Ligand code: DNO
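In my numbering, the protein residues as written are 3 to 391.
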């Protein structure tokens, strides 16, 4: 009987990426996940530019399996200003991606910042380095560096006190480094300053979760119709972390968040990027149950693990370690694929900076060896599960 395995993909940031396509070949992935990071947010991805990247990928024998991401312009998320024009541009990019034969597009709807961490080199017991999120450091950034109005309201008394104490111990350099980490953004894309960040936060001052949710549905309704027409699947990435930060609303964090827009925009193109690391950073998310609930809506998978503590902080654990039951999650994902008789692309998401990579400049979370370890472990897990199905 033919078994459907997950398609093994790898995120590549283009020619600037210290991990080359040749390296990726040795890791054993067959699909590439990439984006045109040089195109400013909101602008059209032309067929020419897409084809140029596609040719680079194919020349090395890979398939460009997933676009991650076409960033959603802030005016679409806030539904202000020139948003209609930006939605039209987004639709053109979708049509162009489809014309170039790439089947899946990932995006997210996180206001202002993409993924947020407070340390990019949190030391593990074995000397490798992980990405880390800590509430006390986030509060220090928010209150003492960014100086956001009423920031105090976003934290418990306990965190406020700890932040005040810890702040006193931080040097100028440490504070600067913390700001750089929180506002890190996507490699190869424009960095923002605290002034710009404050401006952006202002745009959301009257947007609560309900309003943001409706803005998301409005956008999804528009783009799903186009995606369906041209045969592309959409995959919305969850909020990372999956709870409100910096006073911003979050609407892609929980099972009910997803169910809301999947039911409302009931279009076959409207789907999910199931990121276990993002969703797993909240103890309230039951990941195997969510996989079952989303089923055929899952168009792309990120596999990664996290270890949470009682305060709600978390670090990125080994792919098969941490709080996510990777066996149960991958099993559910494989059952869906046997039922639908198709392979869903997955990538090993993030990895520890380890071994030789500790001496190199790497993209945080995206060094080669840690992801290679993750991919290898998941590949073995998958083989074991499939053998028993
Ligand atoms: C972080 C990534 C995210 C993701 C986007 C998708 O490492 O998983 O940046 O690519 O949020 O739009």
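Glycine included, every Cβ here is placed at the ideal spot set by N, Cα and C.
Source: prediction; values computed, not measured.
Checklist entry - Looking only at its own chain, which residues have a Cβ that is under 8 Å from the Cβ of residue 384, when we skip the five neighbours before and after it? => result 7, 8, 332 and 336
Checklist entry - Under 8 Å between the Cβ atoms of residue 281 and residue 244? => result yes
Checklist entry - Can we say the region 150-164 touches the region 78-86, given the rule of at least three CB pairs closer than 8 Å? => result no
Next on the checklist: For the alpha helix (DSSP H) containing residue 36, name the first residue and the last one.
Outcome noted: Element bounds for residue 36: not the alpha helix (DSSP H) but the beta strand (DSSP E), 33-36.
Item to check | Assumed close pair residue 447, residue 228 - CB separation to whole angstroms, cut-off 8 Å | outcome: Nothing can be reported for residue 447: it is not among the residues displayed for the chain, which extend from 3 to 391.
Checklist entry - CA-CA distance, residue 114 and residue 203? => result 7 Å
Item to check | Nearest-angstrom Cβ-Cβ length linking residue 5 and residue 388, presumed shorter than 8 Å | outcome: 5 Å
Checklist entry - Is the CB of residue 130 under 8 Å away from at least one CB in chain E? => result In summary, chain E is missing from the structure at hand, where a single protein chain is found.
Checklist entry - Should residue 367 be listed as close to the ligand DNO, given that the test is whether its C-beta is under 7 Å from any heavy atom? => result yes
Checklist entry - The alpha helix (DSSP H) spanning residue 47 covers which residue range? => result Premise fails: residue 47 is in no alpha helix (DSSP H) and is neither H nor E.
Checklist entry - Between residue 2 and residue 271, what straight-line distance do the alpha-carbon atoms span, to the nearest angstrom? => result Limits of the chain in this structure are 3 at one end and 391 at the other, which puts residue 2 out of reach.
Item to check | residue 117 CB to nearest heavy atom of the ligand DNO below 7 Å | outcome: yes
Checklist entry - If you scan the region 143-198 from start to end, which runs of the beta strand (DSSP E) of 3 or more residues do you find wholly inside it? => result none
Item to check | Alpha-carbon spacing of residue 47 relative to residue 105, whole angstroms | outcome: 15 Å
Next on the checklist: Under 7 Å: does the beta carbon of residue 108 sit that close to some heavy atom of the ligand DNO?
Outcome noted: yes
Checklist entry - What is the C-beta distance between residue 59 and residue 36, in whole angstroms, given that I count them as a contact (C-beta under 8 Å)? => result 7 Å
Item to check | Burial state of residue 265 (16 or more Cβ within 10 Å) | outcome: exposed
Checklist entry - Do residue 352 and the ligand DNO come close, with the Cβ less than 7 Å from some heavy atom? => result yes
Checklist entry - Under a three-way DSSP split, which group does residue 227 fall into? => result helix
Item to check | Rounded C-alpha distance that separates residue 165 from residue 137 | outcome: 9 Å
Item to check | Residues near residue 81 in its chain [Cβ-Cβ closer than 7 Å; skip 5 each side] | outcome: 217 and 220
Checklist entry - Buried or exposed: where does residue 197 fall if 16 or more other Cβ atoms within 10 Å of its Cβ makes it buried? => result exposed
Checklist entry - Would you say residue 239 touches the ligand SAH, meaning its beta carbon is less than 7 Å from a heavy atom? => result The ligand SAH is not part of this structure, which contains only the ligand DNO.
Checklist entry - For residue 276, which beta-bridge partners are listed by DSSP? => result 303
Checklist entry - Are the beta-carbon atoms belonging to residue 309 and residue 302 less than 8 Å from one another? => result no
Checklist entry - Taking buried to mean at least 16 other C-beta atoms within 10 Å of its own C-beta, is residue 342 buried or exposed? => result exposed
Checklist entry - How should residue 391 be labelled, buried or exposed, when 16 other C-beta atoms within 10 angstroms of its C-beta is the threshold for buried? => result exposed
Checklist entry - What first and last residue would you give for the alpha helix (DSSP H) that runs through residue 18? => result Careful: residue 18 lies outside any alpha helix (DSSP H) and carries neither H nor E.
Item to check | Residues bridged to residue 261 (per DSSP) | outcome: For residue 261, which the question treats as bridged, DSSP gives no partner whatsoever.
Item to check | 6 Å CB neighbourhood of residue 123 in its chain, flanking five on each side removed | outcome: 131
Checklist entry - Short check: CB of residue 215 to CB of residue 260, under 8 Å? => result no
Item to check | residue 42 classed as buried or exposed, judged by whether at least 16 other C-beta atoms fall within 10 angstroms | outcome: exposed
Checklist entry - Run through DSSP, which three-state label would residue 205 get? => result helix
Checklist entry - CA-CA distance, residue 248 and residue 144? => result 7 Å
Checklist entry - For residue 223, which residues of its own chain have a beta-carbon under 7 Å away from its beta-carbon, when the five flanking residues on both sides are left out? => result 267
Checklist entry - Can you tell me whether DSSP reads residue 253 as helix, strand or coil? => result coil
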